[in-house]
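Structure first, then comments.
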Amino acid sequence: MDDPNSTCILRGRAISPGLAEGSAYIHHDMVRLLDAAVAIEKKDVEQEVGHLENSTAMITEDLLALAARVEHEMDSQLAAVFDTHQMMLNDPALKKELRAEISGNLVSAGSAVKAVFLRWEKRFLLMESQMARQKGDDMRDISKRLTNALAGIRIHPLEQIPAGSVLVARRLLPSEIIFLAQNSTAAVLLEYGSTGSHAALFAREIGLPCIANIRQLLKKIPAGSWVLVDANLGEVILDPQDKHQTVFQEKVVAMRESSAAARLLAQEPAVTRDGVAIAVLANVGCRDDTERAMADGAEGIGLYRTERAYMGRMTPPDVDGLLEEMRWTLEPAKEKPVYVRLLDIGADKPLPYTGFMAETNPGLGRRGIRLLCEYPQLLKTQLSAILKLSREFDIRILVPMVVLPEDLATVTECLTRLGSELGILPLPPIGAMIETPAAALSVAAMAPYVDFLSFGTNDLTQYAFAADRENAAVEQYFLDSSAVIFRLLKIAHNDASGLPLSVCGELAGRPAHITQLLQCGIRTFSVAPPLISTIKAAIRDARCNAEKVPD
Ligand code: PEP
Ligand code: MG
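To get this note's numbering, take the position in the sequence shown, counting from 1, and add 10.
This is the structure in structure tokens:
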């Protein structure tokens, strides 16, 4: 692992390309940090109890606000969960036991919370009834909130990373990476993480270099050490010597020059060698992405992942809040086609206010359109905001995780009703995301309900190969450019009766597979903004129809 001159070189899997250098910022898992009980002196007991009372009051306030908002946005049954949490948190017996733990065992408020909640959780989990066991899970949830509040975390810890740092972490949730975008982090190094994960694709979207699967990373990189990150090769140089620094600077200059050259043609259309104009659009999640996409030559937005409007906050936005956020995000793409995806949460993209809907197998549970059908208010809020937005933008609607034609019928019905209530016509076109083998094989049945189809090859791969896209341990099964995927695309194309077809999964950003995709009838590609110029160049070099071999 170490080079002959004892500079430490670590290797991992490059999951978002680029070069960066900076000082290492270690992001520890908060729960682990608080593992050991912290002893206090007798004189500090009242202070710790006060600390606990303040945090309890703060969390109570948050839970009440959350309940009110969820009741308005989703339904009162779900809101009741937060009311219950609030009541459990303020249970006099629990409060008494917490106080006794602090004063009797002379431990900090954080340690007392950990010990007491664990006892209560176990008590509930050992009970017979399903309802009591559910309370055990509730206790864990409340304990996490309270532990974070005691550690002073009401905002997310990643919000505080100094700009320009290289983030070093065990793993990263999709809800966490948005803080990095806001903080202009230089690069991300992870102990665990896979190419198809949402964290990886967010990183690619914002051009944030990222290397994952670096063994024992947290043990090897001390906080504050200087690191050179080559996320093209998957290599990290720790405390570099001058010679490493020189070679690295040469690579940076070469990369800048080659991307400047590709960008010269980026604003030009992408026409294949046999004369077919292909649209190259961008996948975005926030305004910075859209600005970058336009500067990089995107002809529109092919996938606006609206999840970010919902992540990193404690309550879902209302119609006006969502409209404002969408308008802000899309404004740089005004006049261009914009494909807005309905909220695709659940499974690997949980939200703080839906965490209570625990499922044993969330990837096969209530995610995407399934969740929206179950909570019509959530669907209604989004469609209302999108309809209002369609007065100003050239909008199309993408429906995520469609499996049955009925999923599309529900959206169409709701859209039509809202369109007439709001007096907005024409209605924006609707398209299905084809992300499961079932959807790919039932395109003929879906065709009457939609105006276009977009292949989400990330999920299509996950479900075709039964390989969790977030799980690095099954990465060898996550074969998103295999013949299996192209076969599904081909079948869907044959059954699509001429509907426009696009790909917005990561496969669209692989130059080596552009020809195959064109030959499956794909005429629109939507990719991470930093890939636009490369994909346009690959299209100019490809043909839609296989070249005739002379006899
Ligand atoms: C996909 O699944 O390919 C897709 C584009 O959606 P997401 O990656 O956001 O699940
Ligand atoms: Mg998907």
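Positions of the beta carbon are idealized from the N, C-alpha and C atoms, including for glycine. Because the structure is a prediction, the values reported are computed rather than measured.
With H, G and I counted as helix, E and B as strand and the rest as coil, what does DSSP make of residue i?
{"i": "T17", "result": "coil"}
{"i": "S26", "result": "strand"}
{"i": "I407", "result": "strand"}
{"i": "C530", "result": "coil"}
{"i": "V91", "result": "helix"}
{"i": "L381", "result": "helix"}
{"i": "L432", "result": "helix"}
{"i": "T37", "result": "A small fix is needed here, since residue 37 is His in this sequence, not Thr. Note: H37 maps to strand in three-state DSSP."}
{"i": "G373", "result": "helix"}
{"i": "G203", "result": "coil"}
{"i": "R550", "result": "helix"}
{"i": "P347", "result": "strand"}
{"i": "E245", "result": "strand"}
{"i": "S512", "result": "strand"}
{"i": "I69", "result": "helix"}
{"i": "A292", "result": "strand"}
{"i": "R315", "result": "strand"}
{"i": "I221", "result": "strand"}
{"i": "S464", "result": "strand"}
Can residue i be considered in contact with ligand 2, in the sense that its beta carbon sits closer than 7 Å to one or more heavy atoms?
{"i": "E111", "result": "no"}
{"i": "D490", "result": "no"}
{"i": "P410", "result": "yes"}
Only counting the same chain, and skipping five residues up and downstream in sequence, which positions put a Cβ closer than 6 Å to that of residue i?
{"i": "I434", "result": "L397"}
{"i": "D72", "result": "none"}
{"i": "L541", "result": "G519"}
{"i": "Y202", "result": "R181, A482"}
{"i": "A122", "result": "L108, E111, I112"}
{"i": "A289", "result": "E309, T534"}
{"i": "V537", "result": "A518, G519, I545"}
Report buried or exposed for residue i, applying the criterion of at least 16 other Cβ atoms within 10 angstroms of its Cβ.
{"i": "T256", "result": "exposed"}
{"i": "R129", "result": "exposed"}
{"i": "A474", "result": "buried"}
{"i": "L227", "result": "buried"}
{"i": "G307", "result": "buried"}
{"i": "E111", "result": "buried"}
{"i": "T370", "result": "exposed"}
{"i": "M97", "result": "exposed"}
{"i": "M40", "result": "Confidence at M40 is low in this model, with a pLDDT of 44, below 50, so its placement is unreliable and no value can be given for it."}
{"i": "A522", "result": "exposed"}
{"i": "N293", "result": "buried"}
{"i": "A303", "result": "buried"}
{"i": "L43", "result": "Caution applies to L43, whose pLDDT of 43 falls short of 50 and renders its modelled position unreliable; the value that the coordinates give is listed next. L43 should be labelled exposed."}
{"i": "D101", "result": "exposed"}
{"i": "H38", "result": "exposed"}
{"i": "V281", "result": "exposed"}
{"i": "P436", "result": "exposed"}
{"i": "E317", "result": "buried"}
Grab me the residues of residue i's own chain with a C-beta within less than 8 Å of its C-beta, minus the 5 sequence neighbours each way, in chain order.
{"i": "Y320", "result": "P326, P327, L353, I355, L361"}
{"i": "K564", "result": "The question about residue 564 has no answer, for the chain in this structure spans 11 to 561."}
{"i": "K344", "result": "E402, F403"}
{"i": "N461", "result": "Before going further, note that residue 461 is Asp rather than Asn in the sequence given. Contacts found: R406, P439, I440, G441, L509, P510."}
Just to confirm, does residue i get its C-beta within under 7 Å of one of the non-hydrogen atoms of ligand 1?
{"i": "D354", "result": "yes"}
{"i": "G466", "result": "yes"}
{"i": "D469", "result": "yes"}
{"i": "C514", "result": "yes"}
{"i": "E445", "result": "yes"}
{"i": "L2", "result": "No information on residue 2 is available, as it lies outside the stretch 11 to 561 that the chain covers here."}
{"i": "R315", "result": "yes"}
{"i": "L211", "result": "yes"}
Determine whether the Cβ of residue i lies closer than 8 Å to any Cβ atom of chain C.
{"i": "G217", "result": "Given the protein chain composition of this structure (a single chain), no chain C is represented."}
By Cβ distance, which residues of its chain are closer than 7 Å to residue i, with the 5 residues on each side in sequence left out?
{"i": "T544", "result": "A272, P521"}
{"i": "L340", "result": "T300, I311, Y314, V348, F403"}
{"i": "A419", "result": "Y459"}
Report yes or no: do the stretch 429-443 and the stretch 454-469 share at least 3 C-beta pairs separated by less than 8 Å? The answer is yes - the stretch 454-469 touches the stretch 429-443, with three or more Cβ pairs under 8 Å.
Below 8 Å, how does it come out for the stretch 194-208 and the stretch 503-510: are there three or more Cβ pairs, yes or no? Not touching, per the Cβ criterion.
Is the number of C-beta pairs between the stretch 204-220 and the stretch 22-33 that are closer than 8 Å three or more? The answer is yes - the stretch 22-33 touches the stretch 204-220, with three or more Cβ pairs under 8 Å.
With a threshold of 8 Å, are at least 3 pairs of Cβ atoms found where one atom belongs to the stretch 379-396 and the other to the stretch 327-340? Proximity of the stretch 379-396 to the stretch 327-340 meets the contact definition, three or more beta-carbon pairs being nearer than 8 Å.
Given 8 Å as the limit, is there contact between the stretch 524-533 and the stretch 482-501, that is, 3 or more CB pairs closer than that? Result yes; three or more Cβ-Cβ pairs closer than 8 Å.
Would the stretch 252-271 and the stretch 45-54 be scored as touching if the rule is three or more Cβ pairs under 8 Å? Touching, no, given that fewer than three Cβ pairs across the two stretches are closer than 8 Å.
Tell me whether the stretch 376-385 and the stretch 396-414 touch, counting them as touching only if at least three CB pairs, one residue from each stretch, are closer than 8 Å. The stretch 376-385 vs the stretch 396-414: in contact.
I'd like to know if the stretch 149-161 and the stretch 65-79 are in contact, where contact means that at least 3 CB-CB pairs between them fall below 8 Å. Touching, yes, given that three or more Cβ pairs across the two stretches are closer than 8 Å.
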